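**Q** FYI, in numbering that gives the first Met the number 0 the residues of the sequence shown are 0 to 386.
Structure in structure tokens, see below.
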Amino acid sequence: MDYLTNVLTQSVDLLVASSPYIIFGLLISGLLRVFLNPNLVSRHLGQGRYRSVFKAAFLGIPLPLCSCSVLPAAVTLKKQGANNGAITAFLISTPESGVDSIAVSWALLDPIMAIARPVAAFVAASVAGITENMFGTNQAYQAAKPDLSCPVDGCCSGENCSPEEHRHHHSLLEKLRTGVRFAFGEVWGDMAGWFFVGLFIAGLVMALAPPDILGKYLGGGFGSMLIMLAAGIPIYICATASTPIAAALILQGVSPGAALVFLLAGPATNVTSLTVLFGVLGKRAALIYLGTIAVTAVLFGLGVDYVYASMGMTGTAMLGKAGEAFPTWIGWASALFLLVFSVRPLAASIKTRLGKNSKNADACSCHGCGCIEEPVMILDHPPGNHR
């Protein structure tokens, strides 16, 4: 009983420390949803072997999408004219980072990790995207017509209503309300269950894992990076949910670099999404995707450990310092706020897990995460001819 109490105490402490930053990240994601102009996608991601990749990688950094829910977003980008290299870059940078995960990294980890995480995601995405465009098909890409339908209430399709005219359809307050509903409805609904699972696992690690054992095998070095890579690739966990686990591992003696490998590999790869990617992008592109993530994660992990060592710091000493920016009462109020908005998605998730929506779950290859039912929409080559 004492062990369970300790686990729950550690989990609650992490929830209180991270909640204000999660709310901030969710609000930014809602604003991106409402104010991001889809014309920018076809204009910037459809042309150029290199520029389109860099822009796609940069676009994916702030978006709070997991490795499963990023797939339909990638299909939308493809339909709006993005090329395969840009799609590959987007598929890597988006699940590895996000305004929500960056904010919670600042709260639970430290500024070095909060900066290293999106930088590593950008580099991995750029390398993979450029590689795909260099060795991919030479087929000319024709930019598709962007989806200009109204993100507020669907009042128009955008076909007979120019963006300039539609700008006057809704007030700023209406747009803000829609963004907030999207943030605490769809976005938080997709990640809430995984986030609380991550908190509980973090509590288990902090309460039960022996620091001397973890420090011995995961305290730094190339071997530590490979172990964390092997642990991170097959599992499914979103970027935000992986952060408290990484924080707990660092507290128990795992090097910051090894924890960063987990933060990069875990959210971007899992067995289910990799299976879909083989059908979506083809064998060669999927191998580029996986190989780039693995190599980049290990290199950045070794680099982060070097930075800490050269500055005479340890991850444990810095852990959670940024989370002290808010008074305790704000943390508790934010945690309660998130718990209230988690009731509905958690109840729906439990209902699905119990099999009441088994038919819908079977139709989706990613088990109800909002993924696409026909991933082949993104193919630029015939099925069965995967590269």
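Ideal placement from N, C-alpha and C gives every residue a C-beta, glycine not left out.
Computed from a predicted model, the values in this text were never measured in an experiment.
Note down, in chain order, each residue of its chain lying with its Cβ closer than 8 Å to the Cβ of proline 344, except the 5 sequence neighbours on either side.
**A** Along the sequence shown, one-based indexing puts residue 344 at 345. If we look at proline 344 and ignore the five residues flanking it on each side, its Cβ neighbours are Trp187, Gly188, Asp189, Ala191, Gly192.
**Q** Just verifying my parser: in three-state terms, what is the DSSP assignment at glycine 132?
**A** Counted from its first residue, the sequence shown places residue 132 at position 133. Before going on, a small fix: residue 132 reads as asparagine here, not glycine. In this structure, asparagine 132 counts as helix in the three-state DSSP scheme.
**Q** With DSSP collapsed to three states, give me the class of glutamine 251.
**A** Along the sequence shown, read from residue 1 onward, the residue named residue 251 stands at position 252. In the structure shown, glutamine 251 sits in coil (DSSP, three-state: anything other than H, G, I, E or B).
**Q** Thinking C-beta only, is alanine 56 closer than 8 Å to glycine 128?
**A** Residue numbering aside, residue 128 sits at position 129 when the sequence shown is read from its first letter. Residue numbering aside, residue 56 sits at position 57 when the sequence shown is read from its first letter. Yes.
**Q** Are the Cβ atoms of isoleucine 329 and proline 19 separated by less than 8 Å?
**A** For the purposes of this step, residue 329 is identified with residue 330 of the sequence shown, where counting begins at 1. For the purposes of this step, residue 19 is identified with residue 20 of the sequence shown, where counting begins at 1. Contact flag set, yes.
**Q** Write down the C-beta distance between glycine 197 and alanine 240 rounded to the nearest angstrom, noting that I regard them as a contact closer than 8 Å.
**A** Locating residue 197 in the sequence shown gives position 198, counting from the first residue. Locating residue 240 in the sequence shown gives position 241, counting from the first residue. Correct: roughly 3 Å between the Cβ atoms.
**Q** Please say whether leucine 262 and alanine 245 have beta carbons closer to each other than 8 Å?
**A** Start at 1 with the first residue of the sequence shown, and residue 245 comes out as number 246. Start at 1 with the first residue of the sequence shown, and residue 262 comes out as number 263. Yes; because the gap between Cβ atoms is below 8 Å, this pair is in contact.
**Q** Starting from leucine 388, trace the alpha helix (DSSP H) in both directions and tell me its first and last residue.
**A** With the chain represented from 0 up to 386, any question about residue 388 goes unanswered, as that position is not in the structure.
**Q** Quick one: Cα of isoleucine 27 to Cα of alanine 285, how far?
**A** Here residue 27 refers to the residue found at position 28 of the sequence shown. Here residue 285 refers to the residue found at position 286 of the sequence shown. Using only the alpha carbons, I get a separation of about 30 Å.
**Q** Report the rounded CA-to-CA distance for phenylalanine 34 versus proline 243, giving the unit in angstroms.
**A** Within the sequence shown, the letter at position 35 stands for residue 34. Within the sequence shown, the letter at position 244 stands for residue 243. About 30 Å.
**Q** Which value, in whole angstroms, describes the spacing of the CA atoms of leucine 30 and valine 126?
**A** Taking the first residue of the sequence shown as position 1, residue 30 is located at position 31. Taking the first residue of the sequence shown as position 1, residue 126 is located at position 127. Rounded to the nearest angstrom, the two C-alpha atoms are 29 Å apart.
**Q** CB-CB under 7 Å to glutamate 173, same chain, minus the five flanking residues each way: which ones, in chain order?
**A** Mapped onto the sequence shown, residue 173 falls at position 174. Around glutamate 173: Val151.
**Q** Let's see if you can read the secondary structure: which residues bound the alpha helix (DSSP H) around serine 170?
**A** One-based indexing of the sequence shown puts residue 170 at position 171. Premise fails: serine 170 is in no alpha helix (DSSP H) and is neither H nor E.
**Q** Is it right to say arginine 116 is buried, meaning 16 or more other beta carbons lie within 10 angstroms of its own, or is it exposed?
**A** Counted from its first residue, the sequence shown places residue 116 at position 117. Classification for arginine 116: buried.
**Q** In three-state terms, what does DSSP make of leucine 353?
**A** Reading the sequence shown from its first residue, position 354 is the one you call residue 353. Residue state, collapsed to three classes: coil.
**Q** By the three-class DSSP mapping on this structure, what secondary structure does isoleucine 234 have?
**A** Locating residue 234 in the sequence shown gives position 235, counting from the first residue. Note: isoleucine 234 maps to coil in three-state DSSP.
**Q** According to the Cβ coordinates, are methionine 224 and leucine 289 closer than 8 Å?
**A** Along the sequence shown, one-based indexing puts residue 224 at 225. Along the sequence shown, one-based indexing puts residue 289 at 290. No, they are not a contact pair.
**Q** Would DSSP call leucine 408 helix, strand or coil?
**A** The requested residue 408 is not part of the displayed model; the chain covers only 0 to 386.
**Q** How would you write the range of the alpha helix (DSSP H) that glutamate 95 sits in, first residue to last?
**A** Here residue 95 corresponds to residue number 96 of the sequence shown, with the count starting at 1. That run of the alpha helix (DSSP H) goes 83-95.
**Q** Put valine 11 into one of helix, strand or coil per three-state DSSP.
**A** Walking along the sequence shown from the start, residue 11 turns up at place 12. Here valine 11 sits in helix by DSSP.
**Q** Straight-line CA distance for threonine 295 to valine 122?
**A** As a working mapping, residue 295 is identified with position 296 in the sequence shown. As a working mapping, residue 122 is identified with position 123 in the sequence shown. Their backbone Cα atoms lie some 8 Å apart in a straight line.
**Q** Just how far apart, CA to CA, sit arginine 50 and phenylalanine 277?
**A** Walking along the sequence shown from the start, residue 50 turns up at place 51. Walking along the sequence shown from the start, residue 277 turns up at place 278. Rounded to whole angstroms, arginine 50 to phenylalanine 277 spans 25 Å at the Cα level.
**Q** Can you find the residues in the same chain that come closer than 7 Å, C-beta to C-beta, to isoleucine 232, ignoring five residues on each side of it along the sequence?
**A** Residue mapping note: residue 232 aligns to position 233 of the sequence shown, counting from 1. Taken in chain order, the residues that qualify are Ala264, Thr268.
**Q** Using a 10 Å radius around the Cβ and a threshold of 16 neighbouring Cβ atoms, would you call serine 254 buried or exposed?
**A** Looking up residue 254 in the sequence shown gives position 255. Buried, because 16 or more other Cβ atoms sit within 10 Å of the Cβ of serine 254.
**Q** How is methionine 312 classed by DSSP in three states: helix, strand or coil?
**A** Position 313 of the sequence shown holds residue 312. Three-state result, methionine 312: coil.
**Q** Which term fits isoleucine 91, buried or exposed, when burial requires 16 or more other beta carbons within 10 angstroms of its beta carbon?
**A** Within the sequence shown, the letter at position 92 stands for residue 91. Under this definition isoleucine 91 is a buried residue.
**Q** Give me, in chain order, the residues of the same chain whose beta-carbon lies closer than 7 Å to that of leucine 335; leave out the 5 immediate sequence neighbours on both sides.
**A** In the sequence shown, the residue the question calls residue 335 occupies position 336. Same-chain partners within the cutoff: there are none.
**Q** Return yes when the Cβ of phenylalanine 181 is within less than 8 Å of the Cβ of arginine 32, no when it is not.
**A** Residue 32 sits at position 33 when you count from the first residue of the sequence shown. Residue 181 sits at position 182 when you count from the first residue of the sequence shown. In this structure, phenylalanine 181 lies closer than 8 Å to arginine 32 by Cβ.
**Q** Determine, using beta carbons only, whether threonine 87 and isoleucine 236 come nearer to each other than 8 Å.
**A** Looking up residue 87 in the sequence shown gives position 88. Looking up residue 236 in the sequence shown gives position 237. No. Outside cutoff.
**Q** Would you mind sorting isoleucine 349 into buried or exposed? The rule is 16 or more other CB atoms within 10 Å of its CB.
**A** Sequence index remark: in the sequence shown, residue 349 carries index 350 (1-based). Exposed, by the Cβ-count rule.
**Q** Just confirm the distance between the C-beta atoms of phenylalanine 23 and alanine 102, as a whole number of angstroms; I'd bet it's less than 8 Å.
**A** The count along the sequence shown starts at 1 and reaches residue 23 at position 24. The count along the sequence shown starts at 1 and reaches residue 102 at position 103. Right, their Cβ atoms sit about 5 Å apart.
**Q** Please state if the CB of serine 10 and the CB of glycine 202 are separated by a distance shorter than 8 Å.
**A** Against the sequence shown, residue 202 aligns to sequence position 203. Against the sequence shown, residue 10 aligns to sequence position 11. It is a contact, given that the beta carbons lie within the stated cut-off.
**Q** Please name the residue in Gly84, Ser100, Leu337, Val179 whose C-alpha comes closest to that of asparagine 132.
**A** Numbered from its first residue, the sequence shown carries residue 132 at position 133. Selected option, being the one with the closest Cα: Gly84.
**Q** Using a Cβ-Cβ cutoff of less than 6 Å, which residues in the same chain neighbour alanine 124 once the five nearest sequence positions on both sides are dropped?
**A** As a position in the sequence shown, residue 124 is number 125, starting the count at 1. Only Ala56, Ala88, Ile91, Ser92 meet the Cβ criterion.
**Q** Report buried or exposed for proline 326, applying the criterion of at least 16 other Cβ atoms within 10 angstroms of its Cβ.
**A** On the sequence shown, residue 326 is found 327 positions in, with the first residue counted as 1. Exposed: under 16 other Cβ atoms inside 10 Å.
**Q** For leucine 14, count the other beta carbons within 10 Å of its own beta carbon; 16 or more makes it buried, fewer makes it exposed. Which is it?
**A** To locate residue 14, count along the sequence shown from 1; it is residue 15. Buried, since its Cβ has 16 or more Cβ neighbours within 10 Å.
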